[in-house]
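Our numbering numbers the first residue of the sequence shown as 718 and each following residue consecutively.
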Amino acid sequence: MDSVNSGVQEIAVASNDLARRTENQASALEETATALNQITATVNKTADGVRHARDVVASARADAQHGAEVVRRAVDAMAKIEASSSQIGQIIGVINEIAFQTNLLALNAGVEAARAGEAGRGFAVVASEVRALAQRSADAAKEIRSLIASSTTHVGDGVALVGETGQALTGIETKIGEINGVVADIAASANDQANSLQEVNKAVAEMDQVTQQNAAMAEQATAASQSLAQESAKLGDLIQAFRIGEVELDLAPSASTCAASSKRPPPRLRPRDAAGSPTVSARAPRRPAAARGGAAAAVADEDWREF
């Protein structure tokens, strides 16, 4: 009975330890689930931010493409302006030549008017005015030519700058395209991480639920083992109450009776219900008279069987 009590006590201690460990594990899993929820929320927020950044980068790329297109058209326009300036310079050259030729013609007309004398005086005045007009035209053509040359130089510089701007915008467009690809990859990775964390969070939640159930079952097992220990202690107390004393028979049975008694199996002890019967002790048979020898032995045997 002591070994049974010891085993029951060990089971109770082990069940209590298991319940405590399971409760600690459930608490740790609950904290882990809470931390995973926070991490999942953070990753989802990061994924949303990355998606927004991807949209912004895509918009910036579209703007850069539009700017590059505008710069290309500006370069074309500046090239056309440069070509027009060259044509204007050529026209100014023609005007300058016309003025030079007009000046020569005016000189010749003046010489001829001087030779004509009084008859050519009016013609000489007209030739002088034409010469002055040709001179002014030549001077104006020179100024316009210098302005056109300066404008052509500035237009060339502008074309070069616009070309560099176009190249820079093209490079920016390329870099923005690369950034857009990287951000798209980051967004995809963030979405995958968010989905994986959601799956892990779901698995941890299921583990937490199972651990809570295990903790409840461990508590039930602990309570059952404690109840078993109490019942075992009560059973031990009840068994200790069954004390069988020594039975002394001072009768002198006959040889046949002793032989018959020696052939009988040992008596069985049949304990009655602990709750229904009091503690039973062995009854020593009364010592009858010598004349009742055989009957007394039979009565003693009956008492043993009744016990």
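C-beta: ideal position from N, C-alpha, C; glycine also.
Range of the contiguous alpha helix (DSSP H) that encloses residue i
| i | result |
| --- | --- |
| Ala836 | Unbroken run through Ala836: none, as it is neither H nor E. |
Cut-off 7 Å between Cβ atoms - residues of its own chain near residue i, not counting five sequence neighbours on either side
| i | result |
| --- | --- |
| Ala851 | Ala816, Thr819, Asn820, Ala823 |
| Val917 | Leu753 |
| Ser723 | none |
| Asn761 | Ala911 |
| Ala844 | Ala823, Ala826, Gly827, Ala830 |
| Glu936 | Ala736 |
| Gly883 | Ala785, Val788, Arg789, Val792 |
| Ala841 | Gly827, Ala830, Ala831 |
| Ala796 | Val876 |
| Asp909 | none |
Integer-rounded CB distance, given that residue j should sit under 8 Å from residue i
| i | j | result |
| --- | --- | --- |
| Arg848 | Gly834 | Contact flag wrong, Cβ pair sits at about 20 Å. |
| Ala750 | Val927 | About 12 Å; that fails the 8 Å criterion. |
| Ala904 | Val767 | 4 Å |
| Gly784 | Leu886 | 5 Å |
| Thr869 | Glu814 | That pair is no contact at about 19 Å. |
| Ile728 | Ser942 | 5 Å |
| Arg778 | Asn912 | That pair is no contact at about 27 Å. |
| Asn931 | Thr759 | That pair is no contact at about 30 Å. |
| Ile893 | Ala781 | 5 Å |
| Ala901 | Thr763 | That belief does not hold up - the Cβ atoms of Ala901 and Thr763 are roughly 15 Å apart, past 8 Å. |
| Ile889 | Ala858 | Wrong, their Cβ atoms sit about 45 Å apart, outside the cutoff. |
Sequence-distant residues of its chain with Cβ nearer than 6 Å to residue i (five each side left out)
| i | result |
| --- | --- |
| Thr939 | Ser732, Asn733, Ala736 |
| Ser854 | Ala816 |
| Arg771 | Val900, Ala901, Ala904 |
Residue i beta carbon near the ligand NAP (any heavy atom closer than 8 Å)
| i | result |
| --- | --- |
| Asn918 | Ligands in the displayed structure: none, and consequently the ligand NAP is not present. |
Same chain, Cβ closer than 8 Å to residue i, five either side skipped, listed in chain order
| i | result |
| --- | --- |
| Gly837 | Glu829, Ala830, Ala831 |
| Glu747 | Asp925 |
| Ala775 | Asn897 |
Contact with chain B by residue i, beta-carbon distance below 9 Å
| i | result |
| --- | --- |
| Gly888 | Absence of chain B from the displayed structure is noted, only one protein chain being present. |
What are the uninterrupted segments assigned as alpha helix (DSSP H) that are 4 or more residues long and contained completely in the region 847 to 907, given in chain order?
-> Whole alpha helix (DSSP H) segments, 4+ residues: zero.
Is the number of C-beta pairs between the region 856 to 870 and the region 803 to 812 that are closer than 8 Å three or more?
-> yes
Mind the definition here: the region 870 to 885 touches the region 741 to 761 only if three or more C-beta pairs lie below 8 Å; say whether that holds.
-> no
Decide yes or no for the touch test of the region 779 to 793 against the region 947 to 958: beta carbon pairs closer than 8 Å, at least 3 of them.
-> no
May I have a chain-ordered list of the alpha helix (DSSP H) segments no shorter than 4 residues that lie completely inside the region 761 to 817?
-> none
Ignoring anything shorter than 4 residues or poking outside the region 902 to 957, list the alpha helix (DSSP H) runs there in chain order.
-> Listed in chain order, there is nothing to give.
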